[in-house]
Each structure stands twice: as C-alpha cells, then as structure tokens.
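Chemist: Residue numbers (full-length UniProt numbering): 1 to 263.
Each residue gets a CB set at the ideal place from its N, CA and C atoms; glycine is no exception.
Since the structure is predicted, the reported quantities are computational estimates derived from the model, not experimental observations.
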Amino acid sequence: MSTEAKPLGGLRVLVPRGGTWGDLVAKALREQGAHTVIAPLVDFAHTSEEDKLVEALKELEAGRFDWMTATSATVADVLKHHDAVIPPETKVAIVGEATAVAFRDAGYHVTRTPEHENSTHALLEEWPEIDSGEVLRVLTVRSDVAVPVLTEGLMSRGHDVTQVLAFRTVGVPASVHIREDIESGRINALVVASAKIAEQVAEQFPEVPDDTIFACVGVNTLEAAAAVGLPTEGDAPGHPLYEKKRALIETVESVIDQSDMLD
C-alpha cells in the first residue's frame, strides 16, 4: 500500500513529546502513512517532593517495598537520574508500552503489565497478588498531576502504599520554524495528548488554518482542549475531518496508554 493510500497518508503531524513516548508515537503514525515532526511542547522538572523521593528511593534500594508501580516512561528517566536501584526481590508493575520500553532500556526489570487492555484499571483487575489477602508494601511513582488510579486502587484494598510525586510537567516553547509551519498549514495535524499540551497549543499557536486537525487523545484531554478554546469539531461521522482524526487518535492510543498522557 502506498503512503498516500494509508489512513494517515498526506498528513504532516506534530508529535508534542520527545523521548521514548515521541519515538513510539511517531513510528506508529509513520506506519499509517503520516509524516511526523517531533517537537516537544512539554518537559519535566523536579517537584516539591524531591526530598521525599530521595528517601523513598533509598527504601526501595534497601528492599523495603514488595512492589513499585509506574505509568509513565519519564519515571524511568527519574530513576536513572537518581541512580536508583530496584532490587531483584522488588517486583515492578507498569502500564504503557512506552513505560515498558523505557524501563527495560534503562536496565530495570518489569514483572507485570496488563495483558488484555493497556490501562491502569486493567492492571488492577489482572494483578492477582493484590487480592490475595496479604498486605503488600507498594511504592507508586507518578507525575504531579497524574490521576492516582493505582494508588487509590491499592489503598482501597488495604495495602501499605507510599506515593511519591517524581516530576512535574512544564511547558516548552516551540521553535520559530515550528510555529511558522503550523500557522502556514505545512503541519496540518497536531496530537494533543494531555491537558498541559492543550494549554501549550492554545497559547503558542493562536492562529492556525481552519482545516488543521487537533487530535485530542482521551476524554480529559478533549475537555481541557475545549476549555482553552481549541477547535474540537470533526468528531462526528460525516464531518470532512472525522476519518483522519479518528485514525490519528486510534493510532496514538494503540501504542500509548492514556495514563501516560501526562499533564
């Protein structure tokens, strides 16, 4: 099948995050015929809980946790930055293909990932140890705005959970070249993968052609995009942008769980 005949043929798509996440999304989009431009609009910085994180990582290395969890590839970067050690006896449960790739690339083992659906809810359903009656000591590591689905799910089952905010998300200015390409329509589709990215898109690209596609991944992202004034039409069958937009969103969702749609 030629590039033009594929579902995303003819689209030049902005991928708003770099790293493992950006590479996986860009690869998936290219396989569907898109041309991709990776231009991070968000980056990650220390949180006010840095001291708590350092202490938790010392406990992790000492083997005081039965499990740790992560739903973001950035957690692997944070662990490597701190030269964190995950002892063999501590099991690791993660969500998201990008998270799994990042952990393994960083040299960390992965014990459990959801098999049937790549989501935090699926992990809780497919994690037999947490329903065995034994109280487990679990370290959950996440971003400052990630919804604590795993943390709350584990606590509701009576487990001893230490939750740490490992990083916060900050905006990154796009280059002049990227802004010009979006305003001119040369980049004609944008992946909007979190509320923070929606904010950055609205702030940095106030004037875009009417036929630019904003592919908002996840209900929360769609609501955030509408709140900051991004056009969210094209979601109903029959709209000229519908097929391309749905193909974009489905392609992103096929490789990235929404739990990793960092804000």
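Note the first and the last residue of the continuous alpha helix (DSSP H) segment covering W21.
Modeler: W21 -> alpha helix (DSSP H) spans 19 to 31.
Chemist: Kindly examine the ligand SAM and report whether one of its heavy atoms sits closer than 6 Å to the Cβ of H81.
Modeler: What this structure holds is no ligand at all, so the ligand SAM is not there to describe.
Chemist: Which same chain residues, not among the five before or five after L154, have their C-beta less than 6 Å away from its C-beta?
Modeler: Cβ neighbours of L154 beyond the five flanking positions: V138, V161.
Chemist: Straight-line CA distance for A28 to G107?
Modeler: Rounded to whole angstroms, A28 to G107 spans 24 Å at the Cα level.
Chemist: Counting only the same chain and skipping the five closest in sequence on each side, list residues whose C-beta sits under 6 Å from that of A76.
Modeler: Around A76: A102, F103, A106.
Chemist: Which residue wins for smallest C-alpha separation from C216, given the options P209, E253, P240, I187?
Modeler: Of the listed residues, the one whose Cα sits closest to C216 is E253.
Chemist: CB residue 299 to CB Q32, shorter than 7 Å?
Modeler: Residue numbering for the chain in the displayed model covers 1 to 263; residue 299 lies beyond these limits and cannot be assessed.
Chemist: Residues in the same chain with beta-carbon distance under 6 Å from V149, minus the five sequence neighbours each way, listed in chain order, please.
Modeler: Closer than 6 Å at Cβ, skipping near neighbours: T120.
Chemist: Closest to W67 by C-alpha separation, out of P128, V13, V37, would be which residue?
Modeler: When only C-alpha atoms are compared, the closest one is P128.
Chemist: I'd like the list of long-range same chain contacts for A34, defined as Cβ closer than 6 Å, with 5 residues on each side in sequence excluded.
Modeler: Cβ within range, chain order: L8, L11, V13.
Chemist: So for F103, helix, strand or coil by DSSP?
Modeler: Three-state result, F103: helix.
Chemist: Excluding the 5 residues flanking V172 on each side, which residues of the same chain have their C-beta closer than 7 Å to its C-beta?
Modeler: Cβ within range, chain order: P40, L41, V42, D43.
Chemist: State whether the region 182 to 196 contacts the region 217 to 226, with contact taken as three or more CB pairs (one from each stretch) at a distance under 8 Å.
Modeler: Because the criterion of three Cβ pairs below 8 Å is met, the region 182 to 196 and the region 217 to 226 touch.
Chemist: Assuming A70 and V147 make a contact with CB atoms under 8 Å, what is their CB distance in whole Å?
Modeler: At roughly 14 Å, the Cβ-Cβ gap does not stay under 8 Å, so A70 and V147 are not in contact.
Chemist: Find the nearest neighbour of I256 within the set H116, P114, L24, judged by alpha-carbon distance.
Modeler: Comparing Cα-Cα distances from I256 to each of H116, P114, L24, the minimum goes to L24.
Chemist: Taking C-beta to C-beta, are H159 and L136 nearer than 7 Å?
Modeler: Yes.
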